[in-house]
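Counting the sequence shown from 1 gives a position; my numbering is that position plus 58.
Just so you know, even glycine gets a beta-carbon here, dropped at the ideal spot from N, CA and C.
The structure displayed is predicted, hence computed values, not measured ones.
Working notes, structure below.
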Amino acid sequence: MMDGTMNNSLNDAQTLKVAFAFGYFSLAYLIFFFSWHSTKLKDRFEELAIVKKNRIPFIYCIRILGFVLLGLLPVLIYSCTGGDLTEDMGLRVPAGDRVWLWWLIPLAVFFLGISLRTGKRINTGFYPQARYQTWSSGILLINGLSWAIYLIGYEIAFRGFLFFPLVNAIGLFPAIMINCSLYSISHIPKGAGEAFGAFFLGIIFCVITYQTGSILIPVVLHILLAVSNDWKAMRVNPEMSIPKRGSRL
């Protein structure tokens with residue numbers, strides 16, 4: 059049992075942070091998920107003149123929504139309430155002993171895995187989520203940027219405010235297990251392969267985040283993984299093509 063008013067106050071503060079983080083995330087993710095799968099919302103979006111003119115996929119709107127709900131709003135709320143974005147969300151440059159190894163080793167492993175993974179193992183019915191038939195350089199760039207925006211918010215949630223407050227409240231190992239359980243469950247709609255893979259990938263991301271005190275490396279790795287999945291899926295999908303360099307959007 060913890061003794062002293064200071065310890066009790068600290069415990070209460072940690073408990074409130076954890077309660078807010080999980081309560082907010084649950085509501086935000088529900089809004090995000092059901093907006094993504096709402097046919098009514100998609101139909102209304104596709105009726106907009108600017109959308110028809112520029113052939114903007116609904117998924118780009120959803121990725122921006124995910125960034126706002128999962129990343130931007132929590133950052134603003136923490137900032138307005140005096141929260142520490144470096145301690146509670148890992149929004150800082152990676153630091154610590156031999157931090158370069160936490161960059162080098164994961165990046166090397168990821169690039170090796172990406173190069174060895176064949177396109178046949180990727181679900182081309184799901185990836186790429188934007189279903190263009192012809193992928194010009196401009197479309198590829200916009201798709202990559204939309205992934206980056208979304209995954210910044212996604213990692214702020216999972217490796218940020220769902221992780222750091224929990225580590226301070228219950229310890230590293232339980233926090234990793236809870237985080238990865240929630241992370242894998244969120245991938246169930248994408249199939250068994252991604253759900254199981256997300257659990258173990260989540261462990262790696264949590265360890266890197268804890269060791270460096272930053273979400274930056276997981277953000278970079280996650281973006282590389284998402285973009286490479288799309289690229290490989292485009293290459294093996296007979297209904298999609300990537301024109302030679304010089305094509306315009």
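Counting other Cβ atoms within 10 Å of its Cβ, H280 reaches 16 or more and is therefore classed as buried. For the 7 angstroms CB-CB criterion, G124 and F90 form a contact. Here G148 is near S272, since their CB atoms are less than 7 angstroms apart.
Taking C-alpha positions only, G251 is separated from P152 by approximately 30 angstroms. In terms of Cα proximity to A71, the closest of T192, F216, F258 and T139 is T139. By the 16-neighbour rule on beta-carbons within 10 angstroms, D142 is exposed. Between the C-alpha atoms of I234 and I300 there is a straight-line separation of about 40 angstroms. Between I180 and N287, the beta carbon gap of about 6 angstroms places them in contact (Cβ cut-off 8 angstroms). Here F263 has R217 and P276 as same chain residues with Cβ atoms under 6 angstroms from its own Cβ, once five neighbours each way along the sequence are excluded. Among the bridge pairs identified by DSSP, S299 is matched with T192. The beta carbon of F257 sits closer than 8 angstroms to the beta carbons of C238, S239, Y241 and S242 from its chain, once the five residues preceding and following it are set aside; these are given in chain order. Taking C-beta atoms under 8 angstroms as the contact rule, T270 and W158 fail to qualify, at a distance of about 10 angstroms.
When E297, I261, F92 and C119 are compared, the shortest CA-CA separation from F103 is found for C119. Classified as exposed, Q191 has fewer than 16 neighbouring CB atoms from the shown chains inside 10 Å of its CB. Excluding five sequence positions before and after V225, the CB atoms of its chain that fall closer than 8 angstroms to its own CB belong to A233 and Y268, given in chain order. Contact between I117 and Q187 is confirmed by a C-beta separation of about 4 angstroms, below the 8 angstroms threshold. Cβ atoms of W205 and V109 stay farther apart than 8 angstroms, at about 19 angstroms. Here the alpha carbon of K248 sits roughly 8 angstroms from the alpha carbon of F184. Within the same chain, and ignoring the five residues on either side of S173 in sequence, no residue has its Cβ closer than 7 angstroms to its Cβ.
Taking 4 residues as the shortest admissible run, the segment 259-296 contains the following complete alpha helix (DSSP H) segments, listed from N- to C-terminal end: 274-294. Around the beta carbon of N201, a 10 Å sphere encloses 16 or more other beta carbons of the protein chains shown; the residue is thus reported as buried. Taking 7 angstroms as the cut-off, the beta carbon of P223 is found no closer than this to the beta carbon of V133. In this model, R189 and L88 are separated by some 24 angstroms (Cα to Cα).
Distance from F168 to L282 at the Cβ level is roughly 6 angstroms; contact confirmed, criterion being Cβ atoms closer than 8 angstroms.
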